[in-house]
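These notes are about the structure you will find just below.
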Amino acid sequence: MNALVALCHFCELHGPRTLFCTEALHPPSPTPSQAGAPIPGDRDSATQRGDMCEGCRSLPASHPGFVSVDSETGIRFLSHQHPRQPQLFSVVRQACVRSLSCEVCPGREGPIFFGDEQHGFVFSHTFFIKDSLARGFQRWYSIVMVAMDRIYLINSWPFLLRHLRLTIQSLQSTALKVFDSEQCVCPQRAVRMNSVFSPAVFPHQRSGNAARSLPSLTQHTNLWASLHSSFSWLLKACGSRLTEKLLEGAPTEDTLVLIERQTEQEEEMSCWEGAEGGGSRPQCHQSESELYRDFLFDEGKAEGYPGPKFRSLRHLRQVLGTTDFRQLAWHVLMGNQVILRGADPGLIHSAFTMLKSLLPVGCVRSVTYSAQYEEAYRCNFLGLSPDVPIPTHVSSSEFSVLVDVVSVERGSLYSAACGEDILSLYQFNISSTNSQPTDKGPTLLNKIEVALSNENLSVDVVSHCLLCLKEEWMNKVKVLFKFSKVDGRGREDTQKVLALLGATGPGEEDNVRLLKFWMTGLSKTYKSHLMTAVRGGERPLSQ
């Protein structure tokens, strides 16, 4: 990430000053000894004269600075009092002055965003540090992150706020302990009330109080090394959590739903961390393919279980047989609850992974393996251990299907020789009270079976074919949603739309039922945009 982090301080004598700065140097980069060298003509006159007070200094000019190297990328993270490049010095200097003067939030403590294209964009967090010798018993600091990419910095706001607050809270808590101990020895409030105030000696009193450094306020001897580690990690983590990706066309509904779910998880995690006041792990925003892969494989949990697994949808069809597979796939597409009950959680997990690929992401609610039954409104994919009973209202319902995975008793030699053959180890018993024939439709299921039965098509080609079929039917769902839910068209108009979508004829009842179920999988983003566009008299975006 092309950004830098700086700690700034408002000195009572010299005004806003940069105390400590960490920047990322991408290879090829100069040697560390060059990084801390002074830049002629760019340091302020006070630094050049050497009369800067202790509170305005962190590392002396002779100090080589701190350097950390990322072994994976070769990026060097360099820390010193000032940036090594003249143009960066002026940018950081301006960010420092603005963060401690005009660009502050109400109360003068908290985060704020400002900047422009010429001088860069700044995420600033101002805060106070307790000091028994300062005016008001506190001194004013800020941590700023400067970058030229406005969108990147704004998108990183929750991440930066969470982790900078941890650093700030650590500084404030250690300084508060020092403050309390000093007040116990010599209460400054009583001393000041009893001292004689004179305008003539006031500047000298200010001068005497202005020279306390941050390490002395916190009694942290390795403070700058600690801040270097913290700022270096922040730059590395912030740079790796978001990646640029070229999108060809609008994002799919699956992508939008996955992004919404990830955002909700991050917000929920943020709330919990804020309530508990604990630390947090860096979060990673993933690409579209990574999000979808994690959704299907549930972060690789199936690989953690021993035993055989279903490798593809075609493999599942071969094991179950064409008739049983069609019945199971029909229930999946109709939105009925699919229950797999057995002693092998890895096998059940892999079966759900294959069946999930038949549905849009927004239609999937799964409990992979549970010791008790979960109602259909909570999940449409439910894995159960073999001793869990099925409630009567579920077993007698036509809106559920039960697959019992029963272990087959074989000899030890036979099992060892056929360890990866699922049929040699398990028998699958499918039961459902649904009496509706599944041989007519829906049309989507017929097309899926044609692709699966064509042995000339590889597994990868079948996967892409399935993706295209789902996108085709999601587009039909969007049209039907627009007519029936947004525009409020009548039954006759809706029937005409179904005919235009190719959902009438053989299997019409199944087609309509599938479309209505898949409406529940539309993203909140799409629904919100459509409703806003209709209310505003705009034409909705076609996807």
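Oh and the sequence shown: position 9 is 9 in UniProt numbering, straight run, nothing missing. Beta carbons: idealized from backbone N, C-alpha and C, even for Gly.
Tell me the DSSP secondary structure of S400 in three-state form. Three-state result, S400: strand.
Using only CA atoms, which one of F483, E374, W233 and S62 lies nearest to L530? Residue F483 is the option with its Cα nearest to L530.
Taking just the CA atoms, how far does R365 sit from R378? About 7 Å.
If you drop the 5 nearest sequence neighbours on each side, which residues of the same chain put their C-beta closer than 8 Å to that of C21? Answer for C21: L4, V5, A6, L7, S79, H80, Q81, H82, P83 and V92, listed in chain order.
Please determine, among F517, N429, Q262 and S397, the residue with the shortest C-alpha to C-alpha distance to T323. When each option's Cα is compared against that of T323, the closest is N429.
Is the segment 490-500 touching the segment 380-390 in the sense that three or more CB pairs, one from each, lie closer than 8 Å? Because the criterion of three Cβ pairs below 8 Å is not met, the segment 380-390 and the segment 490-500 do not touch.
Using only the alpha-carbon positions, how far apart do H14 and S124 sit? If I take the Cα positions, the gap works out to 20 Å.
Mind listing, in chain order, the continuous alpha helix (DSSP H) runs of no fewer than 4 residues lying wholly within the segment 125-176? Segments of the alpha helix (DSSP H) lying fully in the segment 125-176: 150-155.
Have a look at P106, L402 and E12 and flag the residue whose alpha-carbon is nearest the alpha-carbon of N434. Considering only alpha carbons, the answer is L402.
Please list the segments of the beta strand (DSSP E) lying wholly inside the segment 317-379, counting only runs of 3 or more residues, in order along the chain. Assignment of beta strand (DSSP E) within the segment 317-379, counting only whole runs of 3 or more residues, yields 337-341 and 366-370 in chain order.
With DSSP collapsed to three states, give me the class of V69. Residue state, collapsed to three classes: strand.
Buried or exposed by the 16-neighbour rule on C-beta atoms within 10 Å, applied to P308: The residue in question, P308, is buried, as its Cβ has 16 or more Cβ neighbours within 10 Å.
Just the C-alpha distance for V394 and L166, rounded to the nearest angstrom, thanks. Cα to Cα, V394 sits roughly 49 Å from L166.
Three-pair Cβ contact test at 8 Å for the segment 217-232 versus the segment 160-178: With a cut-off of 8 Å, the segment 160-178 and the segment 217-232 count as touching, because enough Cβ pairs lie within range.
In chain order, what residues of the same chain have a beta carbon less than 7 Å from the beta carbon of F517, not counting five sequence neighbours either side? These residues qualify, in order along the chain: M334, G335 and C363.
Is the beta carbon of V388 closer than 8 Å to that of Y369? No; because the gap between Cβ atoms is not below 8 Å, this pair is not in contact.
By Cβ distance below 6 Å, which residues in the same chain neighbour I168 in space, the five residues on each side in sequence not counted? Here the set comprises F127.
Hey, R314 and V406: beta-carbon distance below 8 Å or not? No, the Cβ-Cβ distance between R314 and V406 is not below 8 Å.
Through-space distance from Y305 to A343, alpha-carbon basis: Spanning the two alpha carbons is a distance of roughly 12 Å.
Return the CA-CA distance between N95 and P251, expressed in angstroms with no decimal places. It should be pointed out that residue 95 corresponds to Ala in this sequence rather than to Asn. In this structure, the straight-line span from the alpha carbon of A95 to that of P251 is close to 37 Å.
Exposed or buried, which one is D116 when buried takes at least 16 other CB atoms within 10 Å? Taking all protein chains in view, the Cβ of D116 is surrounded by fewer than 16 other Cβ atoms within 10 Å, so the residue is classified as exposed.
Just to check my reading of the structure: L503 and L515 have Cβ atoms closer than 8 Å, yes? What is that Cβ distance to the nearest angstrom? The identity of residue 503 in the sequence shown is Ala, whereas the question assumes Leu. Here A503 really is in contact with L515; their C-beta atoms are around 6 Å apart, less than 8 Å.
Looking at C-alpha atoms only, which residue of L340, T255, S181 and R162 is the closest neighbour of M269? Minimum Cα distance to M269 is reached at R162.
Could you check if W330 is buried or exposed, using at least 16 other CB atoms within 10 Å of its CB as the buried criterion? It is buried - the Cβ of W330 has at least 16 other Cβ atoms within 10 Å.
Which word fits residue 564, buried or exposed, when buried means at least 16 other C-beta atoms lie within 10 angstroms of its C-beta? Outside the shown range of the chain (1 to 543) lies residue 564, about which nothing can therefore be said.
Kindly list the residues whose CB is nearer than 7 Å to the CB of F297, restricted to its own chain and excluding five residues on each side of it in sequence; keep chain order. Note that F297 scores 48 on pLDDT, short of 50, meaning its location in the model is unreliable; the coordinates nonetheless yield the value given after this. Taken in chain order, the residues that qualify are T353.
Quick one: Cα of P16 to Cα of T263, how far? Those two C-alpha atoms are separated by around 37 Å.
Expressed to the nearest angstrom, what Euclidean distance is found between the alpha-carbon atoms of I143 and D180? If you draw a straight line from the Cα of I143 to the Cα of D180, it comes to about 24 Å.
Is Q337 buried or exposed, if buried means 16 or more other CB atoms sit within 10 Å of its CB? Classification of Q337: buried, given that the 10 Å Cβ count is 16 or more.
Cβ of P386 within 8 Å of Cβ of R341? Result yes, Cβ atoms of P386 and R341 sit closer than 8 Å.
Boundaries of the alpha helix (DSSP H) in which E509 is found, first to last residue: Element bounds for E509: E508 to M519.
Does the beta-carbon of residue 549 have 16 or more other beta-carbons within 10 angstroms, so that it is buried, or is it exposed? With the chain covering 1 to 543 only, the question about residue 549 has no answer from this structure.
Please work out which residues of its chain come closer than 7 Å, Cβ to Cβ, to T47, disregarding the five sequence neighbours upstream and downstream, and give them in chain order. Confidence in T47 is poor, its pLDDT being 48 and thus under 50, which makes the residue's placement unreliable; the coordinate value appears in the next sentence. No residues qualify anywhere along the chain.
To the nearest angstrom, how far is the alpha carbon of S357 from that of I448? C-alpha of S357 to C-alpha of I448: approximately 11 Å in a straight line.
How is Q495 classed by DSSP in three states: helix, strand or coil? Three-state DSSP puts Q495 in a helix.
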